[in-house]
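Below is one structure, written out as structure tokens; comments come after it.
Residue numbers (our numbering): 1 to 327.
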């Protein structure tokens, strides 16, 4: 049986030799399939399997090693909105030739193990680009499985390395591409997403320089609850930006308010919950802040991967002071 997302094998006092597999395909395929990752426990004469990741609704599983092989099907949830793609980052229509990663966000959790089958990049002729992503077995989902990170193979970005020599770069300046999320991608409900979701990309020149705070444009707020804005001059990694920027008050403590990205992630804005206090405030940027090509403050991506960062230079946060104009 299945209860609370766990598979329960009744009347089994030991979990030794038990393994759970997806019961899909021929008998030979099922028995040869690697087990689902998770932990077994025994309680009250039952063996209980807790999967490392959520079991997929609508999917049939088999417990091997339990007699003839117990099979269970995870029920599908009733009602609710259908699963859909809500955002694809970076949002900019024109991206540098050496863009490092893409993020796809969904309104509901998605299953693991399917991403590289159902996300592709096409060229102007609609032809699929061969192996554009760094395919990682343990896919890069956020904890609630609503956002997947797709890394462009760094070997296709870096010059004079074998993947780029053999296959060429994924993106070429001046050309157009399309990132396609297949509508056939099965959701946790077991149903396909629906229509394909497509993001058009025009490729611009590569950006290899480190982020430099001297290039940022600061727009202090006007009025007692006006919006503060910083413009970076290039698209910044959206999820990293949302967690690495903050505004500190004159007392050095974070100011409560609403932060948003702007201008296709080229800028960040902050509006306080209460009126601005008098005195000097600080824009605080953690050292992890990076652009869509992986360039950080004082540390370009090329140096980071090929030679490593300079050992005599430690990443440090950036603090930029500004006045709110309040008295």
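From the three backbone atoms N, C-alpha and C, an ideal C-beta is built for every residue, glycine too.
Q | C-alpha gap between residue 52 and residue 34, whole angstroms | A | Residue mapping note: residue 52 aligns to position 52 of the chain shown, counting from 1. Residue mapping note: residue 34 aligns to position 34 of the chain shown, counting from 1. So the alpha carbons of these two residues sit roughly 14 Å apart.
Q: Throw me the rounded Cβ distance for the residue 139 and residue 167 pair, which I believe falls under 8 Å.
A: Stepping through the chain shown from its first residue, residue 139 is reached at position 139. Stepping through the chain shown from its first residue, residue 167 is reached at position 167. That belief does not hold up - the Cβ atoms of residue 139 and residue 167 are roughly 22 Å apart, past 8 Å.
Q) Can you pull the DSSP bridge partners for residue 291? A) Taking the chain shown and counting its residues from 1, the one referred to as residue 291 is at position 291. DSSP output for residue 291 lists 236 as bridge partner(s).
**Q.** Per-residue DSSP class, three states only, for residue 301
**A.** If you number the chain shown from 1, residue 301 lands on position 301. Here residue 301 sits in helix by DSSP.
Q: Tell me whether residue 14 is buried or exposed, calling it buried when 16 or more other Cβ atoms sit within 10 Å of its Cβ.
A: Position 14 of the chain shown holds residue 14. Flag for residue 14 reads exposed.
Q | Spatial distance of residue 306 from residue 296 (CA atoms) | A | For the purposes of this step, residue 306 is identified with residue 306 of the chain shown, where counting begins at 1. For the purposes of this step, residue 296 is identified with residue 296 of the chain shown, where counting begins at 1. Low local confidence applies: a pLDDT of 45 at residue 306 is under 50, so the model's placement there is unreliable, and no value is given.
Q | Unbroken alpha helix (DSSP H) run spanning residue 31, endpoints | A | The count along the chain shown starts at 1 and reaches residue 31 at position 31. Note, residue 31: alpha helix (DSSP H), 27 to 32.
Q | Sufficient close CB pairs (3 or more, under 8 Å) joining the segment 226 to 241 to the segment 266 to 283 | A | yes
(Q) Suppose you measure from the CA of residue 329 to the CA of residue 106; what does that come to, to the nearest Å? (A) No information on residue 329 is available, as it lies outside the stretch 1 to 327 that the chain covers here.
Q: Determine the DSSP secondary structure at residue 75, reduced to helix, strand or coil.
A: In the chain shown, residue 75 corresponds to position 75, counting from 1. If DSSP states are grouped into helix, strand and coil, residue 75 belongs with coil.
Q. When you compare each of 162, 94, 1 and 299 to residue 209 by their alpha carbons, which one comes out closest?
A. Position 209 of the chain shown, counted from the first residue, corresponds to residue 209. For residue 209, the nearest C-alpha among the options comes from 299.
Q) What residues in its chain sit with their C-beta under 6 Å from that of residue 179, if we drop five residues either side in the sequence? A) Within the chain shown, residue 179 is the residue found at index 179, counting from 1. For residue 179, where only same-chain residues beyond five positions count, the Cβ hits under 6 Å are 121 and 199.
**Q.** Distance between residue 218 and residue 304 (C-alpha atoms, nearest Å)
**A.** Position 304 of the chain shown, counting from 1, holds the residue named residue 304. Position 218 of the chain shown, counting from 1, holds the residue named residue 218. In this prediction, residue 304 scores a pLDDT of 46, lower than 50, which makes its location untrustworthy; the coordinate-derived value is nonetheless stated afterwards. Roughly 28 Å between the two C-alpha positions.
**Q.** residue 294 classed as buried or exposed, judged by whether at least 16 other C-beta atoms fall within 10 angstroms
**A.** Position 294 of the chain shown, counting from 1, holds the residue named residue 294. Its Cβ being crowded by 16 or more others within 10 Å, residue 294 is buried.
Q) What's the C-alpha gap between residue 153 and residue 266? A) Numbered from its first residue, the chain shown carries residue 153 at position 153. Numbered from its first residue, the chain shown carries residue 266 at position 266. The straight-line gap from Cα to Cα measures roughly 24 Å.
Q. At what residue ranges does the segment 69 to 119 contain a whole run of the alpha helix (DSSP H), taking only runs of 4 or more?
A. 115 to 118
(Q) Taking only three categories from DSSP, how would you classify residue 243? (A) For the purposes of this step, residue 243 is taken as the residue at position 243 of the chain shown. Residue 243: helix per DSSP, three-state reduction.
Q) With burial defined as no fewer than 16 other Cβ atoms inside 10 Å of the residue's Cβ, what is the status of residue 132: buried or exposed? A) Counting from 1 along the chain shown, the entry for residue 132 is found at position 132. By the neighbour-count rule (16 or more Cβ atoms within 10 Å), residue 132 is buried.
Q) At which residues does the alpha helix (DSSP H) containing residue 156 begin and terminate? A) On the chain shown, residue 156 is found 156 positions in, with the first residue counted as 1. 154 to 157 is the extent of the alpha helix (DSSP H) around residue 156.
(Q) Rounded to whole angstroms, what is the Cα-Cα separation between residue 135 and residue 149? (A) Locating residue 135 in the chain shown gives position 135, counting from the first residue. Locating residue 149 in the chain shown gives position 149, counting from the first residue. Near 11 Å, if we compare the C-alpha coordinates of residue 149 and residue 135.
Q: Determine the DSSP secondary structure at residue 323, reduced to helix, strand or coil.
A: As a first step, residue 323 is located in the chain shown; it is residue number 323 there, counting from the start. It is a strand residue.
Q: Under the assumption that residue 173 contacts residue 204 (Cβ atoms under 8 Å), give the Cβ distance between them as a whole number of angstroms.
A: Looking up residue 173 in the chain shown gives position 173. Looking up residue 204 in the chain shown gives position 204. In this structure residue 173 touches residue 204 by the C-beta definition: roughly 6 Å separates them, less than 8 Å.
Q: Classify residue 243 as buried or exposed, calling it buried when 16 or more other Cβ atoms lie within 10 Å of its own Cβ.
A: The residue labelled residue 243 in the question sits at position 243 within the chain shown. By the neighbour-count rule (16 or more Cβ atoms within 10 Å), residue 243 is not buried but exposed.
Q. Just to confirm, are residue 259 and residue 245 a CB contact at a threshold of 8 Å?
A. To locate residue 259, count along the chain shown from 1; it is residue 259. To locate residue 245, count along the chain shown from 1; it is residue 245. Taking 8 Å as the Cβ cut-off, residue 259 and residue 245 qualify as a contacting pair.
Q.
Could you check whether residue 2 and residue 20 sit closer than 8 Å to each other, using their CB atoms as the reference points?
A. Position 20 of the chain shown, counted from the first residue, corresponds to residue 20. Position 2 of the chain shown, counted from the first residue, corresponds to residue 2. No, they are not a contact pair.
Q: Indicate the three-state DSSP secondary structure (helix, strand or coil) for residue 213 in the structure shown.
A: Taking the first residue of the chain shown as 1, we reach residue 213 at position 213. Helix.
Q. Based on Cα-Cα distance, which residue from 143, 162, 181 and 100 lies nearest to residue 171?
A. Along the chain shown, one-based indexing puts residue 171 at 171. Residue 100 is the option with its Cα nearest to residue 171.
Q.
Is it buried or exposed, residue 142, if we count other Cβ atoms within 10 angstroms and call 16 or more buried?
A. Walking along the chain shown from the start, residue 142 turns up at place 142. When all chains shown are included, residue 142 counts as exposed.
(Q) My output table needs one value for residue 176: the three-state DSSP class, helix, strand or coil. (A) Locating residue 176 in the chain shown gives position 176, where the first residue counts as 1. If DSSP states are grouped into helix, strand and coil, residue 176 belongs with the strands.
Q: For the beta strand (DSSP E) containing residue 8, list its first residue and its last residue.
A: For the purposes of this step, residue 8 is taken as residue 8 along the chain shown, with counting starting at 1. From DSSP, the beta strand (DSSP E) with residue 8 extends over 6 to 9.
Q: Check the C-beta distance from residue 250 over to residue 281 and give it rounded, since I have them as a contact under 8 Å.
A: Translated into positions along the chain shown, residue 250 becomes position 250. Translated into positions along the chain shown, residue 281 becomes position 281. With 8 Å as the limit, residue 250 and residue 281 qualify as a contact, their Cβ atoms being about 7 Å apart.
**Q.** Residues bridged to residue 46 (per DSSP)
**A.** Within the chain shown, residue 46 is the residue found at index 46, counting from 1. DSSP lists 43 as partners of residue 46.
Q. Measuring CA to CA, which of 181, 46, 18 and 288 is closest to residue 38?
A. Taking the first residue of the chain shown as position 1, residue 38 is located at position 38. The residue with the shortest Cα to Cα distance from residue 38 is 18.
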